């Protein structure tokens, strides 16, 4: 399955929410056998759901649904991030679809890495990679995002110190920095950042054109941003002016 076809297939399923195999075959000009194989591959990755004769989007409230948006770009970002991590290193990772793909990529690279995370989704997502050791924080569980937050998680974080912290984001402000949607998760990010040397943001370029609720990190805290080359020129200039290391992967159109 080519990257471009998988991108297009995911895009169609996400737009239609439910679509027949026959219709997908006609739209993409490939056989139904090929479409069924493509759908099976995407279902194994957790990016959609197959029913008899149909493809259906994941529950939009679940992280797997968000992972399916710009999936191949997120994979490239995850690969760049994984290359920054050494064998036998301990890192912190906050929740998010690209962060989950980062930890999975470390598993695929056979690096022996310890991951401190508040994301139970990530812990489960990489459970078949024995080279990844997960320390999952305790605390108040948020079922929608499958993370823990609150004072218990913050207290546990005080016992750790790492070189690299990887986080996602939901929005960007040209004056203030990087934003998220959840106040309690932002509080956890702040606690993580206090115990890490480098804060690295993983995000596809679509998030840089959005506003969001609560600040996750300001420019001074942020060491690096890994995104794709569809990032707005104005944002690229801001990050360069703020001396933030910007890494861009190619956005496949």
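Residue numbers (the UniProt record's numbering): 1 to 253. Quick reminder that beta carbons are idealized off the backbone N, C-alpha and C, glycines included. These figures come from a predicted structure and were not determined experimentally.
- When DSSP reads this structure, residue 136 sits in a beta bridge with 117.
- Residue 143 and residue 169 have their C-alpha atoms some 19 Å from each other.
- Residue 234 holds the alpha-carbon nearest to the alpha-carbon of residue 172 among 109, 121, 234.
- By the Cβ criterion, the segment 237-252 is in contact with the segment 218-229, since at least three pairs of Cβ atoms, one from each stretch, lie closer than 8 Å.
- Within the same chain, Cβ atoms closer than 6 Å to the Cβ of residue 25 are found at 32, 35, the five residues on either side in sequence being excluded.
- When DSSP reads this structure, residue 91 sits in a beta bridge with 115.
- As DSSP reads the structure, residue 210 sits in no beta bridge.
- Within the segment 6-80, the runs of beta strand (DSSP E) that reach at least 3 residues and sit entirely inside it are, in chain order, 18-20, 49-51, 54-56.
- Between the beta-carbon of residue 205 and that of residue 231 there is about 4 Å, and that keeps the pair under the 8 Å contact cut.
- The beta-carbon distance between residue 120 and residue 146, rounded to whole angstroms, is 5 Å. This is short enough to meet the 8 Å contact definition.
- Its chain contains 92, 161, 162, 163, 164, 165 as the residues whose beta carbon lies nearer than 8 Å to that of residue 196, once the 5 sequence neighbours on both sides are disregarded; these appear in chain order.
- Around the beta carbon of residue 213, fewer than 16 other beta carbons sit within 10 angstroms, so the residue counts as exposed.
- For residue 217, the secondary structure class from DSSP, reduced to helix, strand or coil, is strand.
- In this structure, residue 107 sits near residue 132, with a CB-CB distance shorter than 7 Å.
- Taking a 10 Å sphere around the C-beta of residue 158, we find fewer than 16 other C-beta atoms and assign the residue as exposed.
- Between residue 238 and residue 199 the beta-carbon gap is near 17 Å, outside 8 Å, which marks them as no contact.
- For residue 128, the closest of 104, 56, 116 by C-alpha to C-alpha distance is 104.
- A distance of 7 Å or more separates the beta carbons of residue 77 and residue 100.
- Going by beta carbons, residue 55 and residue 13 fall inside the 7 Å limit.
- For residue 224, no alpha helix (DSSP H) encloses it; the enclosing beta strand (DSSP E) starts and ends at 222-228.
- With respect to residue 88, residue 52 sits apart: the two C-beta atoms are not nearer than 7 Å.
- DSSP, read as helix, strand or coil, puts residue 197 in strand.
- Here residue 164 carries a strand assignment [DSSP, helix/strand/coil].
- Residue 191 is a Cβ neighbour of residue 154, given a cutoff of 7 Å.
- When DSSP states are grouped into helix, strand and coil, residue 103 belongs to the helix group.
- Judged by DSSP in its simplified three-state form, residue 190 adopts helix.
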